[in-house]
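Here's the structure, in structure tokens; my notes come after.
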Amino acid sequence: MSTDRIRRQGLAPLRLRGSPDGEGEPLPGLEAPHDGGFPQAVAASEVAPPSEDRAGLDGDAGREPGAVEVVGKPGTPRREHDTVAAGPGPVSAAVGRRAPFGPIERLDHDRLVAEQHASLRSPRRRYCVPARVLFRLMDVVYGKARTLEKFRVLELVARVPYQAWENVAYVAVTHTARQPGFARRVFERVRTSRWEQDNEQWHLLILEELTAAGPRQPWIRSRLVPQVLAFAYYQLSWFLFALRPASSYRLNADFEDHAEHEYALLVQEQPEWEQMPYEGSFTGDFGAYRSLADLFRQIGYDERLHKLESEAHIARARFS
Ligand SMILES: [Fe+2]
Ligand SMILES: [Fe+2]
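Going by this note's numbering, the sequence shown opens with residue 2, and the numbers climb by one from there.
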């Protein structure tokens, strides 16, 4: 079944290590690997050895530069390294040496399975009207089936509240600069929003890559509608955050709760993904996973943490 089903899902062939022409081999399920079995995921440490000049990166306090710590098995940290090239100027070069903000909290396989089951068991939030309208619209335009194409659109929209919050908070820093303590606390909101955007961006780029060679919807549905949705959702998030921040956080908590449950169900619906290693272009940024199932479990767990962050802000949404 798997080949047809995967094609319907729109999975693109991923490049796997070991191909003589350097082009890689297609993702198992699309074409059989040379040895007839599933190629193994390549440890990212084999791809990009740690470099000395990554010391002292901020945002990685307590973590060895360039390493993504896997939580779940004490004493067995797994290392992965970013492969971002240094830029042409001093600022872009410095940015290139910093570890990307990939998964919010990287979990090992056992924890990922446990958290997926926890998501499946947990009740959904009572979604607010704008959230219900958005989810209904997505079902009407893209169908009720959980396809990767639909998740790609979801991820395109997912980033924009964080962009809106960053924008509002950054303006607020300008107006509170004469109160350093207050401005500093507002700036922490800016930083959090940036990191959440980065995390959602990796979700989007991974899904773009996975769906690149699959069947595409017409341009209007695959490109125009998502952009319109993202634009409208940005405006709504911006105005809600400027006028009544708790409402903006509540809307986002609903959106993230929906995403968390949908990813958990997606993995449950695709048992063959347990045998497919993930080794796309973004392993240096988001980690290598022993299976596509674990990749999507990790993304689903990220969504839960986004939800919890928004829920934590609902009660004290205003800058203080
Ligand atoms: Fe996401
Ligand atoms: Fe999300």
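Where a beta carbon is used, it is the ideal one built from N, C-alpha and C, also for glycine.
Presumed contact (8 Å Cβ cut-off) between residue i and residue j, rounded CB distance
i	j	result
residue 247	residue 300	Between residue 300 and residue 247 the Cβ distance is about 27 Å, and since that is not below 8 Å, they are no contact.
residue 307	residue 257	4 Å
residue 279	residue 265	Actually they are not in contact, since the Cβ atoms of residue 279 and residue 265 sit about 17 Å apart, beyond 8 Å.
residue 268	residue 142	Not quite, the Cβ-Cβ distance comes to about 23 Å (not below 8 Å), so this is no contact.
residue 97	residue 286	Not quite, the Cβ-Cβ distance comes to about 12 Å (not below 8 Å), so this is no contact.
residue 165	residue 238	4 Å
residue 201	residue 163	7 Å
Three-state secondary structure assigned by DSSP to residue i
i	result
residue 128	coil
residue 202	helix
residue 343	Nothing about residue 343 can be read from this structure; the chain reaches only from 2 to 321.
residue 317	coil
residue 301	helix
residue 308	helix
residue 123	coil
Nearest residue (CA-CA) to residue i, options the options
i	options	result
residue 101	266, 199 and 91	199
residue 1	179, 98 and 228	Since the first residue shown for the chain is 2 and the last is 321, residue 1 is missing from the structure and cannot be characterised.
residue 324	211, 172, 231 and 167	As shown, the chain starts at 2 and ends at 321. That puts residue 324 outside it, with no answer to give.
residue 292	276, 178, 261 and 135	276
residue 1	187, 240 and 283	The first residue shown for the chain is 2 and the last is 321, placing residue 1 beyond what the model contains.
residue 190	98, 144, 129 and 169	169
residue 146	284, 271, 310 and 317	271
residue 151	104, 223, 89 and 181	223
residue 130	251, 281, 96 and 284	251
residue 309	261, 287, 297 and 294	261
residue 144	116, 218, 99 and 92	218
residue 337	282, 192 and 313	Lying outside 2 to 321, the shown extent of the chain, residue 337 is not represented and no answer is given.
Contact with chain C by residue i, beta-carbon distance below 8 Å
i	result
residue 180	You won't find chain C in this structure, because it holds only one protein chain.
Could you say if the region 191-205 and the region 144-162 meet the contact criterion of at least three C-beta pairs nearer than 8 Å? yes
Is the region 296-312 close to the region 102-121, with three or more CB pairs under 8 Å? Contact check between the region 296-312 and the region 102-121: three or more CB pairs, one atom from each, fall below 8 Å, which counts as touching.
Which ranges does the alpha helix (DSSP H) cover as unbroken runs of at least 4 residues, wholly within the region 85-118, from first to last along the chain? 91-97
Contiguous alpha helix (DSSP H) assignments of at least 4 residues, all confined to the region 226-296: With a minimum length of 4 residues, the continuous alpha helix (DSSP H) runs that stay inside the region 226-296 are 226-244, 246-270 and 284-287.
Are three or more beta carbon pairs between the region 251-265 and the region 129-140 nearer than 8 Å? yes
Determine, using beta-carbon pairs with one atom in the region 97-115 and one in the region 229-239, whether at least three such pairs fall under 8 Å. no
In chain order, what are the residue ranges of uninterrupted beta strand (DSSP E) at least 3 long that sit wholly in the region 135-210? none
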